[in-house]
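I have placed the structure first, in the form of structure tokens, so that the comments after it can refer back to it.
In the working numbering, the protein residues as written are 9 to 316.
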């Protein structure tokens, strides 16, 4: 069964799109990531124009993140205060990122830039997460206690001013690194169509030292509003959000996220991080291969903003 996408200007198999949305929604609820780093490449692999994939992928992230965040809120694993500080930085970053997105599109370098950025970020983050999670699982297998910090020992992040107390996360931390992290995620959201969870989750765990059980829900909370803002601005300025494609992805994503949250609650923190790292690396490798393998069609015809 096929459906026509008016903005992308092509027909697609609705069951394939539904499968993509459900799978990404499942992973979103399981790992606490928006899923944009998966849905955007998947749509590009399915021949959706990158400019439409980026803007519409961000829209799908909103739906799956809402579904997962509600479940975490009910379970008490969402720090609203921390998420709000992240959100302030995220909205500022998204505004800057949309300007960069429009500039790259005018230059005609958007497709290449997005693919290269995905390969670099996914490869780096995935490798670091996999290395750390494997070490953690080895310590668990040998029944070794986790490496504990000595009382009073802090890294440079904890010496910054403007500290705030986040009771749900049980930390006392400067607002500066939280705002900076939110800003960086906002920029990536608008340029790459991602929620940014694949960077925000490890950064909150390893850099800000926030408990893993709170990180997932808080990450989804911030992703909801930043991606919603990005989607609305993209639709108004670049006219690149395909409402038909977005609706299909949203319906499937919401359903998949509910099942993902249930599965994620049954796995240990290091197991979740290892699985997420493997997933991130797999997507990065697939994109890297697409960049170096010669395409089937060496030449393309540009019509308007899209290439065919």
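Think of the CB as a built atom: it goes at the ideal place given N, C-alpha and C, for glycine as much as any other residue.
For clarity, every value in this text was computed on a predicted model and none was experimentally measured.
Secondary-structure assignment with DSSP links residue 146 through no beta bridge to anything. In this structure the region 205-216 does not touch the region 112-124; the number of beta carbon pairs closer than 8 Å is below three.
Per DSSP, residue 19 is not a residue of any alpha helix (DSSP H); the beta strand (DSSP E) it occupies stretches across 18-21. Rounded to whole angstroms, residue 87 and residue 95 show a C-alpha spacing of 12 Å. Apart from sequence neighbours up to five positions away, the residues of its chain that approach residue 289 with a beta-carbon distance below 6 Å are 134, ordered along the chain. In this chain, the beta strand (DSSP E) harbouring residue 179 covers 179-182. Secondary-structure assignment with DSSP links residue 70 through no beta bridge to anything.
Take residue 189, set aside five residues on each side of it, and the residues of its chain with a beta-carbon closer than 6 Å to its own are 211, in chain order. Exclusion of the five residues before and after residue 237 leaves 99 and 102 as the residues of its chain whose Cβ lies within less than 7 Å of its Cβ. When the Cα atoms are used, residue 37 and residue 170 turn out to be separated by approximately 32 Å. By the C-beta criterion, the region 254-272 is judged not to be in contact with the region 118-131, since fewer than 3 inter-stretch pairs fall below 8 Å. Distance from residue 239 to residue 63 at the Cβ level is roughly 7 Å; contact confirmed, criterion being Cβ atoms closer than 8 Å.
Our two residues, residue 187 and residue 89, have alpha carbons roughly 12 Å apart in a direct line.
Note that the C-beta distance between residue 231 and residue 73 is below 8 Å. Residues of the same chain with a CB within less than 7 Å of the CB of residue 198, apart from the 5 flanking positions on each side, are 102, 105, 106, 109 and 238 in chain order. In this structure, the beta-carbon distance from residue 250 to residue 16 falls below 8 Å.
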